[in-house]
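Structure record follows, encoded as structure tokens.
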Amino acid sequence: MKGVIAAAAMSLVISDFANAEEKRGKAMIKIEPSAISEADIRAVSPALARFGREAITEDLWTSAPLSPRDRSMVTVAILIARNQPGDLKHFTEIALDTGVTPAELSEIITHLAFYSGWPNAMSAISVTKAVFESRGVTADALPEASPALLPLNQEKEKQRSETVEKNIGPISPGLVKFTADPLFLDLWQRPALKPRDRSLITVSALIASGQSAQIGYHLNRAMDNGLSAAEAGEVVTQAAFYAGWPNAFTAAPVVGEILRNRSSSKE
Amino acid sequence: MKGVIAAAAMSLVISDFANAEEKRGKAMIKIEPSAISEADIRAVSPALARFGREAITEDLWTSAPLSPRDRSMVTVAILIARNQPGDLKHFTEIALDTGVTPAELSEIITHLAFYSGWPNAMSAISVTKAVFESRGVTADALPEASPALLPLNQEKEKQRSETVEKNIGPISPGLVKFTADPLFLDLWQRPALKPRDRSLITVSALIASGQSAQIGYHLNRAMDNGLSAAEAGEVVTQAAFYAGWPNAFTAAPVVGEILRNRSSSKE
Amino acid sequence: MKGVIAAAAMSLVISDFANAEEKRGKAMIKIEPSAISEADIRAVSPALARFGREAITEDLWTSAPLSPRDRSMVTVAILIARNQPGDLKHFTEIALDTGVTPAELSEIITHLAFYSGWPNAMSAISVTKAVFESRGVTADALPEASPALLPLNQEKEKQRSETVEKNIGPISPGLVKFTADPLFLDLWQRPALKPRDRSLITVSALIASGQSAQIGYHLNRAMDNGLSAAEAGEVVTQAAFYAGWPNAFTAAPVVGEILRNRSSSKE
Numbered sequence: 731m732k733g734v735i736a737a738a739a740m741s742l743v744i745s746d747f748a749n750a751e752e753k754r755g756k757a758m759i760k761i762e763p764s765a766i767s768e769a770d771i772r773a774v775s776p777a778l779a780r781f782g783r784e785a786i787t788e789d790l791w792t793s794a795p796l797s798p799r800d801r802s803m804v805t806v807a808i809l810i811a812r813n814q815p816g817d818l819k820h821f822t823e824i825a826l827d828t829g830v831t832p833a834e835l836s837e838i839i840t841h842l843a844f845y846s847g848w849p850n851a852m853s854a855i856s857v858t859k860a861v862f863e864s865r866g867v868t869a870d871a872l873p874e875a876s877p878a879l880l881p882l883n884q885e886k887e888k889q890r891s892e893t894v895e896k897n898i899g900p901i902s903p904g905l906v907k908f909t910a911d912p913l914f915l916d917l918w919q920r921p922a923l924k925p926r927d928r929s930l931i932t933v934s935a936l937i938a939s940g941q942s943a944q945i946g947y948h949l950n951r952a953m954d955n956g957l958s959a960a961e962a963g964e965v966v967t968q969a970a971f972y973a974g975w976p977n978a979f980t981a982a983p984v985v986g987e988i989l990r991n992r993s994s995s996k997e
Numbered sequence: 731m732k733g734v735i736a737a738a739a740m741s742l743v744i745s746d747f748a749n750a751e752e753k754r755g756k757a758m759i760k761i762e763p764s765a766i767s768e769a770d771i772r773a774v775s776p777a778l779a780r781f782g783r784e785a786i787t788e789d790l791w792t793s794a795p796l797s798p799r800d801r802s803m804v805t806v807a808i809l810i811a812r813n814q815p816g817d818l819k820h821f822t823e824i825a826l827d828t829g830v831t832p833a834e835l836s837e838i839i840t841h842l843a844f845y846s847g848w849p850n851a852m853s854a855i856s857v858t859k860a861v862f863e864s865r866g867v868t869a870d871a872l873p874e875a876s877p878a879l880l881p882l883n884q885e886k887e888k889q890r891s892e893t894v895e896k897n898i899g900p901i902s903p904g905l906v907k908f909t910a911d912p913l914f915l916d917l918w919q920r921p922a923l924k925p926r927d928r929s930l931i932t933v934s935a936l937i938a939s940g941q942s943a944q945i946g947y948h949l950n951r952a953m954d955n956g957l958s959a960a961e962a963g964e965v966v967t968q969a970a971f972y973a974g975w976p977n978a979f980t981a982a983p984v985v986g987e988i989l990r991n992r993s994s995s996k997e
Numbered sequence: 731m732k733g734v735i736a737a738a739a740m741s742l743v744i745s746d747f748a749n750a751e752e753k754r755g756k757a758m759i760k761i762e763p764s765a766i767s768e769a770d771i772r773a774v775s776p777a778l779a780r781f782g783r784e785a786i787t788e789d790l791w792t793s794a795p796l797s798p799r800d801r802s803m804v805t806v807a808i809l810i811a812r813n814q815p816g817d818l819k820h821f822t823e824i825a826l827d828t829g830v831t832p833a834e835l836s837e838i839i840t841h842l843a844f845y846s847g848w849p850n851a852m853s854a855i856s857v858t859k860a861v862f863e864s865r866g867v868t869a870d871a872l873p874e875a876s877p878a879l880l881p882l883n884q885e886k887e888k889q890r891s892e893t894v895e896k897n898i899g900p901i902s903p904g905l906v907k908f909t910a911d912p913l914f915l916d917l918w919q920r921p922a923l924k925p926r927d928r929s930l931i932t933v934s935a936l937i938a939s940g941q942s943a944q945i946g947y948h949l950n951r952a953m954d955n956g957l958s959a960a961e962a963g964e965v966v967t968q969a970a971f972y973a974g975w976p977n978a979f980t981a982a983p984v985v986g987e988i989l990r991n992r993s994s995s996k997e
């Protein structure tokens, strides 16, 4: 009975969230599945042009569980994680058109330098610099290098640092040091990206590179900060198209385990 | 005793297959290991030029267990899975020269949009469009967008959809939906690529991206549709050169388990 | 007590090694974190420019546990493994400036053709050919195609070949053949790269592509040939920045297990 009430409460929360996101992000624009034109795709595969139009443009990007703004962030994170600057330009434009601000985009790249490797972020810098120039985005629209940080949850940080010290300390003191500062004491506390969005792009990057062992920690963090169960599941759907079905099917059971654990711990 | 007979029968099947494939695909052409010229390779590493010539051109591509046509399909699938458009042009040309038709190539890219992610297929579209233009391949050589589909094995599809619904349904309803249509009810039933070849490129893409957990299902499907044990093993060898030894060594025990299970279930 | 003595002895070995490496490789040059200029990075993310300067240039590359020469080799291996030719040019130059010889660079690419796939090595050939030309590196600076090989440890090679024959023989005879020759009987015995460095780049490539199952064998080999525990741990730190935190956190426990096993087997 408690489970039923919890589920009902959760679905209310979910629908509130979906509505809020929808108002904020749902632009009435048509999302092309790629930077390549439909005519060029048809010149090699009429079927692929059809699948892109029917499944991606008309279905995936208009589906309720995730707002276009969220889908843009997820897709940009996937493309950075997989280092695909060609399509990244296309989806950077779509991100800006669906409600992601230049400041948020800047912060997404900064964040993924740590989670996808510096060279991937550098490819994204090249692409985004050109997009910013063409749109007249200037320095004052960007997050400061050293802003006032969000307040740190001291208890959670103590847990995190003790776990890392215990597990990694005897192996790689350098990794322990950089994981504290700049990673958790600086980057994660920067205010230019909402904690929920920061965790959302981290989870997206992990799914895109098949790093399933580390999805759990970051998905829990995302959901603690407001990502709904329906949104989490739909991130996997979005990843199927942009990072391939095998990565989605690898991630799904991991996401499922987190959802079950969170659901049962609330009963 | 039954095992001996089964093994003998299997080896007959294998040799029939190898002969058929050989007749169909074995062109008397010299396969350069890469788009980079041997002179350019020598300018950085005379040893790598030698290894490429001795191990790849003169040995790998002329080895019996896999026809040049199959090796081309495997290599093209690996390059699309790893998003390497530079060498993809080279091996697209080789594919067309060893018996892969433009229609099959078109269908391989369409298929891998789902298994390697849309952006990887889009890179392949760019490369292949240029190759088709230079060879005068026109629209009438390509598979239709919506052809009559192969008949569906209703029982197997019921099993598949029930398993996916049970495992993924509570997590990601969107993924369940798209996995049915367009993936299994449309793409997999398209007639422009033989079921055996469709599964072969799926397995190749999985090996190339280290997705070992999902090799089993697709390798069984490939072998149900005619891929021999010797061919399966040699796909791993081809992957060693084009996706690196670690991916081959990760895949080999998974392939081995499938071969043992199939062999024992026949006794 | 024996453990204490062993630890003390190990720390002496480590510091000797660090000193030797430091003298050899530590150039007083400032390492930019990427080929992208700091001004261009700032145009998208002032924060990322700051993190690169503070954490990478001023901290990571000047940290004691790994020499700049080693960091260059590790970074070049990571970039080849992840096929990122853009930054590879930048770090190829840094490698040559921090004590990696053209002959060693040539040999690193040759080695990684096998461990990261031929197409990745071919991208590296294009980049390195241009760097060699601009620096006037000519053919006589390169390792021979077929030099006299290092003497083979017959006993270890017997172990290796028996294990591979047992595990892979029934699945892929072709893979067994090429793993013997050219891989272990030729490539690994080439004298142009010290065995310790050859294993170091292999481990780096494995960490960079998330191939944790195969780190153990190669890390043991690296340490048998002189890589210290502190250096091994710091390779993971270097990988965090250039291949992303998730790959570093996947590798750390595997490295930790090897360090513990080696430490306890010495007591």
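Protein chains in written order, with this note's numbering: chain A, 731 to 997; chain B, 731 to 997; chain C, 731 to 997. Think of the CB as a built atom: it goes at the ideal place given N, C-alpha and C, for glycine as much as any other residue. Note that the structure is a prediction, hence the values are computed from the model and not measured.
- Rounded to the nearest whole angstrom, the CA to CA distance from I931 of chain B to L809 of chain A is 23 Å.
- By the Cβ neighbour-count rule, N850 of chain A is buried, with 16 or more other Cβ atoms within 10 Å of its own.
- Under the Cβ distance rule, S797 of chain C does not count among the residues neighbouring chain A, no pair being separated by less than 8 Å.
- For E885 of chain A and L989 of chain A, the gap between their C-alpha atoms comes out near 24 Å.
- Look at Q941 of chain B here: in three-state DSSP terms it is coil, with no helix or strand label.
- DSSP places S995 of chain C in the helix class (H, G or I) of the three-state scheme.
- Your pair Q968 of chain B and R801 of chain B checks out as a contact, with CB atoms roughly 6 Å apart and the cut at 8 Å.
- Measuring C-alpha to C-alpha distances from K924 of chain B to each of B:T787, B:M803, B:A794 and B:I766 identifies B:M803 as the nearest.
- Membership of I824 of chain B in the alpha helix (DSSP H) is indicated by the continuous run P815 to D827.
- The C-beta separation of S942 of chain B from V894 of chain B comes to about 20 Å, leaving the pair out of contact by the 8 Å criterion.
- In this structure, V966 of chain A lies near I901 of chain B, with their beta-carbon atoms less than 8 Å apart.
- Between R928 of chain B and L957 of chain B, the C-beta gap is not smaller than 8 Å, which leaves the two residues out of contact.
- Residue-level contact by beta carbon fails for W791 of chain A and chain B, as no gap is shorter than 8 Å.
- A direct Cα-Cα distance of roughly 11 Å separates Q944 of chain C from A935 of chain C.
- Chain B places a beta carbon closer than 8 Å to that of V966 of chain A, counting this residue as a contact.
- The beta carbon of P763 of chain B lies closer than 7 Å to those of G782, I786 and T787 in the same chain, with the five residues before and after it left out.
- For R801 of chain A, the nearest beta carbon of chain B is not closer than 8 Å to its own beta carbon.
- Taking the Cα positions, S836 of chain B is about 40 Å away from A952 of chain A.
- By the rule that beta-carbons nearer than 8 Å mark a contact, W848 of chain A touches chain C.
- The beta carbon of L879 of chain C sits closer than 6 Å to those of Q919, all from its chain and outside the five residues before and after it, given in chain order.
- Chain order gives the chain A residues near R920 of chain B as A777, where near means a beta carbon separation below 9 Å.
- For I771 of chain C, the nearest beta carbon of chain A is closer than 8 Å to its own beta carbon.
- For G904 of chain A, the closest C-alpha among the options C:I766, C:E964, C:G940 and C:H841 is that of C:E964.
- Out of C:T805, C:A843 and C:A773, the CA that lies nearest to the CA of I771 of chain B is found in C:A843.
- If the five residues before and after T980 of chain C are omitted, its C-beta is found closer than 7 Å to the C-beta atoms of G940 and S942, all from its own chain and listed in chain order.
- Not flagged as an interface residue toward chain A: Y947 of chain C, since no C-beta distance is shorter than 8 Å.
- Closer than 9 Å at the C-beta level to chain B, one finds these residues of the segment 934–964 of chain C: A935, L936, S939, G940, Q941, A943 and Q944.
- G899 of chain C is outside the set of residues whose beta carbon lies under 8 Å from a beta carbon in chain A.
- Under the three-state reduction of DSSP, T868 of chain B is assigned to coil, being neither helix nor strand.
- Take A825 of chain A, set aside five residues on each side of it, and the residues of its chain with a beta-carbon closer than 7 Å to its own are S802, M803, V806 and L835, in chain order.
- The C-beta distance from A962 of chain B to L949 of chain B rounds to 6 Å, short enough to fall under 8 Å.
- Within its own chain, the residues whose Cβ lies closer than 7 Å to the Cβ of V861 of chain A, once the five positions on either side in sequence are excluded, are K819, T822 and E823, listed in chain order.
- Among the residues of chain A, none has a CB under 8 Å from the CB of T932 of chain C; the nearest is roughly 18 Å distant.
- Listed by position along chain B, the residues whose Cβ is nearer than 8 Å to that of K859 of chain C are D770, A773 and V774.
- Under the Cβ distance rule, A807 of chain A does not count among the residues neighbouring chain B, no pair being separated by less than 8 Å.
- DSSP, reduced to helix, strand and coil, places K760 of chain B outside both helices and strands of the structure shown, so it counts as coil.
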